[in-house]
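2 protein chains.
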Amino acid sequence: MKLEIFPIPGIPEVRPGMDLAREILLALNATHERVRDGDVFAVAQKIVSKAEGRLRYLPDILPGPAARELAAKHEKDPRVIELVLSESRRLVRAADGVIITETHHGLVCANAGVDRSNAGAPDTVVLLPADPDASAARLRADLMRRTGARVAVVITDTFGRAWREGQTNVAIGMSGLPAFVKYMGQRDPNDYELRVTEIALGDEIAGATELVMGKLSRQPVAIVRGLVYAPEEEGARTYVRPSGRDLFR
Amino acid sequence: MKLEIFPIPGIPEVRPGMDLAREILLALNATHERVRDGDVFAVAQKIVSKAEGRLRYLPDILPGPAARELAAKHEKDPRVIELVLSESRRLVRAADGVIITETHHGLVCANAGVDRSNAGAPDTVVLLPADPDASAARLRADLMRRTGARVAVVITDTFGRAWREGQTNVAIGMSGLPAFVKYMGQRDPNDYELRVTEIALGDEIAGATELVMGKLSRQPVAIVRGLVYAPEEEGARTYVRPSGRDLFR
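Residue numbers (the working numbering), protein chains in the order written: chain A, 3 to 251; chain B, 3 to 251.
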């Protein structure tokens with residue numbers, strides 16, 4: 003299996019209501035590449051959120067008492083913290099200027115994914131999509147309808163993690179491919195049974211495509227070509243470990 | 003930037019003392035690919051450990067009282083747990099049949115990386131390399147000496163993580179490329195300053211190459227071609243978050 007991973011240059015600044023599939027394919031058609039069966043489109047969360055209008059203008063936000071208190075304690079903008087709290091079902095940790103919450107999707111990440119960078123306008127923040135798997139499924143259907151090709155979609159975002167420095171891209175939404183490559187019950191050449199291995203395919207695709215996207219080069223979409231996978235519909239919500247099963251929450 | 007990621011088929015079962023660079027290049031030469039400047043070699047930890055003789059034969063292991071107690075409580079092989087404890091500086095969590103420790107390298111992972119799968123012989127387990135960054139640097143030097151090309155090496159292993167189901171490959175050793183792509187202090191098109199983003203390059207390479215390696219297909223080495231990076235020497239130890247800075251240990 004040989005993979006090719008390449009970004010799609012030339013996608014314009016995405017505005018609410020824009021047809022993302024159309025913009026992605028227009029940009030792709032301006033290159034020498036064409037869509038092929040099996041292509042996996044990795045799409046940065048930010049442009050999905052923008053197309054869906056998941057933007058908030060900070061001067062419109064009135065922070066409540068909880069947000070003001072948390073913001074004061076951690077030297078944050080209380081309007082941003084108001085949005086972080088409204089996007090969260092639980093505060094996981096707040097320390098050293100880092101606020102980690104569990105979002106309504108169950109994602110554990112800094113600031114509930116509320117992000118001011120690359121928002122496309124001043125004093126504006128971007129929220130995560132309300133239902134990233136549904137966003138991925140819609141975008142996949144649009145891409146398939148317009149091209150006739152069987153493709154998959156992974157919506158990616160940049161998350162920190164426990165225990166390790168730095169961030170990697172992970173899959174927050176996906177459609178058209180299985181969440182895991184499962185080895186459980188399979189046997190190695192010495193007949194030893196593999197036990198727990200379930201590779202998080204979407205997260206590895208997300209990280210792989212980050213390598214070509216960059217954050218400041220306006221290349222929020224990349225294609226992975228050559229991956230062999232079954233066209234399943236599990237969604238990235240499968241990656242959300244229920245807090246009752248989590249030893250670290 | 004367009005990446006190609008492909009495995010190197012035909013690497014034989016690795017035995018202690020084997021010259022890994024030689025075996026990798028022999029296998030590569032049997033394909034139509036040749037080494038190019040900038041190629042990143044991702045190498046599964048297991049073959050590095052095997053070449054370095056980091057194998058233990060279970061009938062030789064005498065479990066002490068702590069290992070016996072922990073093994074009984076979690077229904078594990080006490081000889082394996084004896085090795086897990088001797089490879090660890092701290093038990094992080096033990097619950098639901100999962101034993102997570104901090105290794106002497108500072109890595110937080112299940113069973114201190116002690117693994118019975120693909121050990122190459124019955125009743126045998128594989129330990130992590132004693133110093134994976136040094137292993138990567140040696141292998142890199144050997145590959146460069148034999149080929150004359152400037153390459154980098156990432157030693158990968160499959161780790162679980164907090165909060166998310168499934169595992170991904172991460173970098174436990176690396177040589178010849180920077181640990182992070184840093185965006186801190188850079189500004190987006192609206193002049194908003196990016197704050198904390200430091201992409202863990204080695205971990206994303208590890209995950210990307212897992213996509214082509216597979217666990218049962220004996221393809222423990224893959225090449226990433228086309229990545230642009232500076233030939234730095236930071237090592238994967240840079241990813242180890244000191245426990246004092248970690249909110250989740």
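Note that beta-carbon positions come from the ideal geometry of N, C-alpha and C, so glycine has one too.
(Q) Taking the beta carbon of Val264 (chain A) as the centre, do at least 16 other beta carbons fall within 10 Å, making it buried, or is it exposed? (A) Residue coverage of chain A in this structure runs from 3 to 251, which leaves residue 264 (chain A) outside it and unanswerable.
**Q.** 4-residue-minimum alpha helix (DSSP H) runs that sit fully inside the segment 71-147 of chain A, ordered along the chain
**A.** Segments of the alpha helix (DSSP H) lying fully in the segment 71-147 of chain A: 80-88.
Q | Local conformation of Glu25 (chain B) per DSSP, three classes | A | Reduced to three states, the DSSP call for Glu25 (chain B) is helix.
Q. Do the segment 191-203 of chain B and the segment 221-234 of chain A make contact, defined as three or more Cβ pairs closer than 8 Å?
A. Because the criterion of three Cβ pairs below 8 Å is not met, the segment 191-203 of chain B and the segment 221-234 of chain A do not touch.
Q: Give, in chain order, every residue of the segment 79-99 of chain A whose Cβ lies closer than 8 Å to some Cβ of chain B.
A: Residues of the segment 79-99 of chain A with a C-beta less than 8 Å from any C-beta of chain B: Arg95, Ala97, Asp98, listed in chain order.
Q: Output, in chain order, the set of chain B residues within a Cβ distance shorter than 8 Å of Phe8 (chain A).
A: Met3, Lys4, Leu5, listed in chain order.
Q. In terms of DSSP beta bridges, what is Arg227 (chain B) paired with?
A. In the DSSP output, where bridge partners are listed per residue, Arg227 (chain B) has B:Glu6.
Q) Is it buried or exposed for Ala151 (chain A), if we count other Cβ within 10 angstroms and need 16 for buried? A) It is exposed - the Cβ of Ala151 (chain A) has fewer than 16 other Cβ atoms within 10 Å.
Q.
By alpha-carbon positions, which one of B:Arg56, B:Pro11, B:Asp190 ends up nearest to Asp117 (chain B)?
A. Here the closest residue by C-alpha is B:Arg56.
Q. Does the distance from the CB of Asn2 (chain B) to the CB of Ile101 (chain B) come in under 8 Å?
A. Chain B is shown only over 3 to 251; residue 2 (chain B) falls outside these bounds and no answer can be derived.
(Q) In whole angstroms, give me the CA-to-CA distance for Ile49 (chain A) and Thr33 (chain A). (A) Rounded to the nearest angstrom, the two C-alpha atoms are 20 Å apart.
Q) What does Arg17 (chain B) reach in chain A if we use C-beta pairs closer than 8 Å? A) Here the premise fails: no neighbours, minimum Cβ distance about 14 Å.
Q: Give me the Cβ distance between Ala181 (chain A) and Glu104 (chain A), rounded to the nearest whole Å; I'm assuming they're in contact under 8 Å.
A: With a Cβ gap of about 19 Å, Ala181 (chain A) and Glu104 (chain A) do not count as contacting.
Q. Given a threshold of 16 other Cβ atoms within 10 Å of its Cβ, counted over all protein chains shown, does Arg189 (chain A) qualify as buried or as exposed?
A. Exposed.
Q) How would you list, in chain order, the residues of chain A whose beta-carbon sits under 9 Å from the beta-carbon of Ala164 (chain B)? A) Those within 9 Å of Ala164 (chain B) in chain A are Val110, Arg163, Ala164, Trp165, Arg243, Asp248, Leu249, Phe250, Arg251.
Q | One or two residues paired with Met242 (chain B) in a DSSP bridge | A | The residue you asked about is not Met; residue 242 (chain B) is Val in the sequence shown. Among the bridge pairs identified by DSSP, Val242 (chain B) is matched with A:Arg166.
Q.
Out of B:Pro124, B:Ile10, B:Leu109, B:Pro9, which one is the CA nearest neighbour of Tyr59 (chain B)?
A. Of B:Pro124, B:Ile10, B:Leu109, B:Pro9, the residue nearest in Cα terms is B:Pro124.
(Q) Just to make sure I have the definition right: I need the residues of chain A whose C-beta is within less than 7 Å of the C-beta of Gln169 (chain B). Which are they? (A) Those within 7 Å of Gln169 (chain B) in chain A are Thr199, Glu200, Ile201, Ala202.
Q: Would you please verify whether the beta carbon of Tyr2 (chain A) is less than 8 Å from any beta carbon of chain B?
A: Because chain A in this structure spans residues 3 to 251, residue 2 (chain A) falls outside the shown range and cannot be described.
Q.
Strictly below 7 Å CB to CB, what residues from chain B border Gly237 (chain A)?
A. Neighbours of Gly237 (chain A) on chain B: none; closest Cβ ~12 Å, over 7 Å.
**Q.** Proximity to Leu249 (chain B) [Cα-Cα], best of A:Glu167, A:Ala139, A:Ala53, A:Phe8
**A.** For Leu249 (chain B), the nearest C-alpha among the options comes from A:Glu167.
Q: Please confirm if Leu30 (chain A) has its CB atom under 8 Å from at least one CB of chain B.
A: Not a single CB atom of chain B sits nearer than 8 Å to the CB of Leu30 (chain A).
Q. If you check the beta carbons only, do Val242 (chain A) and Gly108 (chain A) fall under 8 Å apart?
A. Yes, these two residues count as a Cβ contact at 8 Å.
Q. Using a C-beta to C-beta distance shorter than 8 Å, which residues of chain A count as neighbours of Asp205 (chain B)?
A. Under the 8 Å cutoff, chain A gives Arg166, Gly168, Thr170, Gly209.
Q | Any chain B beta carbon closer than 8 Å to Pro65 (chain A) | A | For Pro65 (chain A), the answer is no, since every Cβ of chain B falls outside 8 Å of its Cβ.
Q. Beta strand (DSSP E) containing Lys48 (chain A): first to last residue?
A. Careful: Lys48 (chain A) lies outside any beta strand (DSSP E), inside the alpha helix (DSSP H) at 47-53.
Q.
Less than 8 Å between CB atoms is the rule here; does Ala123 (chain A) satisfy it with respect to chain B?
A. For Ala123 (chain A), the answer is yes, since a Cβ of chain B falls inside 8 Å of its Cβ.
Q.
8 Å is my cut-off, CB to CB: does Glu212 (chain B) come that close to chain A?
A. For Glu212 (chain B), the answer is yes, since a Cβ of chain A falls inside 8 Å of its Cβ.
Q: Following the continuous beta strand (DSSP E) through Glu282 (chain A), name the residue where it begins and the one where it ends.
A: Here chain A has residues from 3 to 251 only, and residue 282 (chain A) is not among them.
Q: Measure how close the beta-carbons of Arg163 (chain B) and Arg220 (chain A) come, nearest whole angstrom, since I'm counting them as under 8 Å.
A: In this structure, Arg163 (chain B) and Arg220 (chain A) do not form a Cβ contact; the two beta carbons are roughly 30 Å apart against a cut-off of 8 Å.
Q.
Please state the DSSP three-state secondary structure of Leu213 (chain A).
A. For Leu213 (chain A), the secondary structure class from DSSP, reduced to helix, strand or coil, is helix.
**Q.** Inter-stretch contact (C-beta, 8 Å, three-pair minimum) for the segment 16-29 of chain A and the segment 20-31 of chain B
**A.** No contact exists between the segment 16-29 of chain A and the segment 20-31 of chain B.
**Q.** Buried or exposed by the 16-neighbour rule on C-beta atoms within 10 Å, applied to Asp62 (chain B)
**A.** In this structure Asp62 (chain B) is exposed. Its beta-carbon is surrounded by fewer than 16 other beta-carbon atoms within 10 angstroms.
Q: Taking Phe254 (chain B) as part of the beta strand (DSSP E), name the residues at either end of that continuous run.
A: As displayed, chain B neither begins before 3 nor continues past 251, which places residue 254 (chain B) out of reach and without an answer.
Q. Can you check whether the CB of Asp144 (chain A) is closer than 8 Å to the CB of Gly175 (chain A)?
A. No. Outside cutoff.
**Q.** Coil, strand or helix - Ala44 (chain A) by DSSP
**A.** For Ala44 (chain A), the three-state secondary structure derived from DSSP is strand.
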